[in-house]
Amino acid sequence: MTTINSAYGYTATILAGSAKSTSEQTGSSGSGSQKPVMVASDLRQDLGVEVTLSPAALRALAEQAKAAATPDEEEQITQKMKQILSAIFLTSAKQAEAADAALPPLTGNATTDTARKAAAKQASDFIDGKAANPFRGKTAAELAAVIVDAEGKYTVNERRAAFAEFARQDHVLTMDALTPKTEFDKKANDAEVPQSGTAERLASAKKATDFLNGKATNPFATLNRDQLTEIIANDSGDYTVNERRAALARRDELEKAVLAKAAKELSYAEKAVANNENVTGTPERVERARLATRFINGWDKTNPFAGLTREELNAIVFDETKSYTTNEQRAALAELKQYLPAGAIPEDAKKPVTDKAKADTKTGSDKSKTDDPYNTQGAYSPRLMQQVLRASNTQYLLGLFGGGGSFGGGLSSYLGDGRYA
116 MTTINSAYGY
126 TATILAGSAK
136 STSEQTGSSG
146 SGSQKPVMVA
156 SDLRQDLGVE
166 VTLSPAALRA
176 LAEQAKAAAT
186 PDEEEQITQK
196 MKQILSAIFL
206 TSAKQAEAAD
216 AALPPLTGNA
226 TTDTARKAAA
236 KQASDFIDGK
246 AANPFRGKTA
256 AELAAVIVDA
266 EGKYTVNERR
276 AAFAEFARQD
286 HVLTMDALTP
296 KTEFDKKAND
306 AEVPQSGTAE
316 RLASAKKATD
326 FLNGKATNPF
336 ATLNRDQLTE
346 IIANDSGDYT
356 VNERRAALAR
366 RDELEKAVLA
376 KAAKELSYAE
386 KAVANNENVT
396 GTPERVERAR
406 LATRFINGWD
416 KTNPFAGLTR
426 EELNAIVFDE
436 TKSYTTNEQR
446 AALAELKQYL
456 PAGAIPEDAK
466 KPVTDKAKAD
476 TKTGSDKSKT
486 DDPYNTQGAY
496 SPRLMQQVLR
506 ASNTQYLLGL
516 FGGGGSFGGG
526 LSSYLGDGRY
536 A
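Take the sequence shown: its letter number 179 is residue 294 in our numbering, and every next letter is one higher.
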């Protein structure tokens with residue numbers, strides 16, 4: 116029987132999805148349940164984050180969004196969900212700092228206002244790892260009401276803290292449902308069949324059971340993380356418990372690989388590529404990537420993702436849409452490590468590098484200035500000038516100064532137009 120490590124399962128960053136019947140969602144037919152299921156990954160492009168909440172949890176949020184939407188039609192509800200989630204999922208330390216400084220709306224009543232300020236501060240302290248979650252133990256309905264905040268009573272950090280507890284509770288329920296407590300439970304799971312009863316679905320369920328019992332390969336080995344998450348979280352009966360456990364096992368493998376890659380010590384050549392990845396988009400997006408590169412290389416001690424929640428950091432580290440640079444994902448992992456259990460990062464990712472690699476990746480104070488291509492003490496840094504002097508051809512020089520070539524014009528986006536000089 117395969118042992119499933121669910122240490123990485125609590126990733127919980129979510130986005131809203133359109134309501135579909137379960138038969139439409141899974142491609143099944145027959146007697147499957149027809150009640151709407153929020154298919155969260157449908158709208159990944161809108162918010163750039165993943166979903167791990169169960170359909171039941173999504174419906175709880177949708178009910179609150181429905182109450183806050185006018186009129187109460189599906190399109191308005193979906194838009195409201197997107198608006199709600201966009202407001203509480205932050206992507207930078209700058210946004211986190213603003214959220215920390217925000218005060219709740221005041222009523223004019225001194226006693227009430229003092230209590231509200233204290234509650235908002237506790238939520239911020241929780242986000243910053245200084246206090247317990249003030250919403251711990253609240254019901255799912257109570258938490259959903261805070262997350263949606265139809266009356267505008269709560270700060271962003273209160274809503275973020277409420278979401279953290281909402282996702283934690285949903286994760287606990289999901290893991291409990293997927294964990295057989297007795298041999299009888301295991302036998303019941305092995306005998307379970309999907310609701311639709313189609314030949315294709317029956318074959319998938321059997322393969323999952325065989326996999327968990329060490330008799331076959333994982334039937335979900337080719338799925339990506341979003342697809343696996345939809346199966347794991349689907350509590351509507353479309354998938355058997357064993358299928359969901361098999362999907363969880365595969366997602367765990369993918370997450371281990373991502374963590375190993377992000378934690379790996381880069382060679383000099385790999386660092387050069389990562390430091391010069393092309394970044395497009397808003398000025399804020401470009402600046403965030405620049406700050407991540409400075410942090411990863413030891414040129415700045417401030418992590419651009421400091422202050423983000425576990426859910427927000429997971430959305431960056433495990434992103435499959437290439438919305439973040441290599442250095443951004445590595446910087447986010449540096450923050451995420453505080454939440455990961457011991458042994459979460461595979462040991463082979465932490466093997467010592469060679470003496471040459473150590474020299475290449477040294478970030479001590481004696482090299483932090485000379486290694487910094489964004490050093491503002493002069494038109495170009497000593498590090499950049501060393502590269503220029505070593506250049507053996509025009510193509511390489513053009514790459515350094517933004518005209519194409521092996522460095523892809525990366526430095527020009529930071530130096531060539533003078534914005535960061």
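Idealized CB from N, CA, C, for every residue including glycine.
Closest to residue i by C-alpha separation, out of the options, would be which residue?
i       : options                            : result
Tyr-354 : Ala-314, Pro-398, Lys-330, Glu-307 : Glu-307
Pro-334 : Asn-393, Trp-414, Ala-318          : Ala-318
Arg-231 : Lys-268, Leu-338, Ala-216          : Lys-268
Gly-419 : Leu-406, Ala-430, Leu-428, Ala-314 : The sequence shown places Pro at residue 419, not Gly. Out of Leu-406, Ala-430, Leu-428, Ala-314, Leu-406 has the C-alpha closest to the C-alpha of Pro-419.
Ala-208 : Lys-330, Asn-328, Glu-443          : Glu-443
Asp-434 : Ser-382, Lys-376, Trp-414          : Lys-376
Ala-430 : Glu-178, Phe-204, Leu-173, Leu-168 : Phe-204
Leu-293 : Ala-364, Thr-227, Ala-177, Ala-233 : Ala-364
Thr-337 : Asn-349, Glu-368, Val-356          : Glu-368
Ile-242 : Trp-414, Asp-215, Val-373, Ala-384 : Asp-215
Asp-291 : Lys-330, Val-356, Gly-329, Thr-254 : Val-356
Just the Cα atoms here: how many angstroms apart are residue i and residue j?
i       : j       : result
Ile-460 : His-286 : 21 Å
Pro-249 : Arg-316 : 43 Å
Val-261 : Pro-219 : 13 Å
Glu-358 : Asn-304 : 10 Å
Arg-403 : Leu-221 : 33 Å
Thr-324 : Thr-289 : 18 Å
Lys-111 : Thr-332 : Residue 111 falls outside the range modelled here, since the chain spans only 116 to 536, and no answer is possible.
Gln-198 : Gln-191 : 10 Å
Thr-397 : Ala-202 : 18 Å
Glu-178 : Thr-297 : 36 Å
Leu-98  : Lys-437 : For residue 98 there is no data in the structure shown, the boundaries of the chain being 116 and 536.
Val-373 : Gly-252 : 32 Å
Thr-229 : Thr-254 : 25 Å
Phe-299 : Gly-329 : 19 Å
Ala-233 : Gly-223 : 15 Å
Thr-227 : Ala-384 : 58 Å
Compare the beta carbon distance of residue i and residue j with 9 Å and say whether it is the shorter of the two.
i       : j       : result
Lys-195 : Ala-180 : yes
Ser-239 : Thr-206 : no
Leu-279 : Ala-175 : Here the sequence assigns Ala to residue 279, which means Leu is not the residue at that position. No; because the gap between Cβ atoms is not below 9 Å, this pair is not in contact.
Phe-275 : Leu-327 : Here the sequence assigns Arg to residue 275, which means Phe is not the residue at that position. No; because the gap between Cβ atoms is not below 9 Å, this pair is not in contact.
Asn-412 : Lys-371 : no
Leu-428 : Leu-448 : yes
Ala-246 : Gln-237 : yes
Ala-211 : Glu-273 : no
Val-394 : Val-388 : no
By a C-beta neighbour count over all protein chains shown, 10 Å radius and 16 as the cutoff for buried, is residue i buried or exposed?
i       : result
Pro-170 : buried
Glu-399 : exposed
Thr-441 : buried
Ala-217 : exposed
Ala-457 : exposed
Asp-350 : buried
Phe-410 : buried
Ala-320 : buried
For residue i, which residues in the same chain have their Cβ closer than 7 Å to its Cβ, ignoring the five residues on either side in sequence?
i       : result
Ala-183 : Lys-195, Val-263, Ala-265
Arg-366 : Arg-340, Leu-343, Thr-344, Ile-347
Pro-295 : Lys-301, Asn-304
Ala-362 : Phe-335, Leu-343, Ile-346, Ile-347
Ala-446 : Ala-407, Phe-410, Ile-411, Asn-418, Pro-419, Phe-420
Quick one: residues in its chain with C-beta nearer than 6 Å to the C-beta of residue i, no 5 flanking neighbours on either side, listed in chain order?
i       : result
Lys-471 : With a pLDDT of 41 at Lys-471, under the threshold of 50, the modelled position of this residue cannot be trusted, and the question is left open.
Asn-390 : Thr-408
Leu-451 : Leu-428, Val-432
Gly-244 : none
Tyr-454 : Arg-425
Asp-415 : Arg-409
Starting from the C-beta of residue i, find all residues in its chain whose C-beta is less than 8 Å away, skip the five residues before and the five after it, and write them out in chain order.
i       : result
Leu-258 : Phe-250, Ala-277, Phe-278, Glu-280, Phe-281, Gln-284
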